[in-house]
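In the numbering used here, the protein residues as written are 2 to 94.
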């Protein structure tokens, strides 16, 4: 499974690709220069139950830590991951 990130001036996304297929995508918007808002997570039904959503949230956490930014998880899925995983809450805005 490969995680790709696409970052533009106001928006971006993380995408998981496996065997050339898109397994999932998680979109975000920039809120200023130091915060991203995760607004949507979508997992391809073929890949449900394989941890694709979690991998994208963790990629966002790694990105946030590496770039000194904070995350606002508006997406219910991303929020649930933060609620369940205390170790990643350091990146919450």
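Virtual Cβ for every residue (Gly too), placed ideally from N, Cα, C. Predicted, not measured: the structure shown is a model, and the values here were computed from it.
Asked, Found
"Buried or exposed: where does residue 7 fall if 16 or more other Cβ atoms within 10 Å of its Cβ makes it buried?", "exposed"
"Is the beta carbon of residue 38 sitting closer than 7 angstroms to the one on residue 73?", "yes"
"Buried or exposed for residue 67, please, with buried defined as at least 16 other CB atoms from any protein chain shown within 10 angstroms of its CB.", "exposed"
"How would you label residue 11, buried or exposed, when you count the other beta carbons within 10 angstroms and need 16 or more for buried?", "exposed"
"Between which residues of its own chain and residue 58 is the CB-CB distance below 6 angstroms, once the five residues before and five after are set aside?", "79 and 82"
"Find the nearest neighbour of residue 24 within the set 60, 65 and 48, judged by alpha-carbon distance.", "48"
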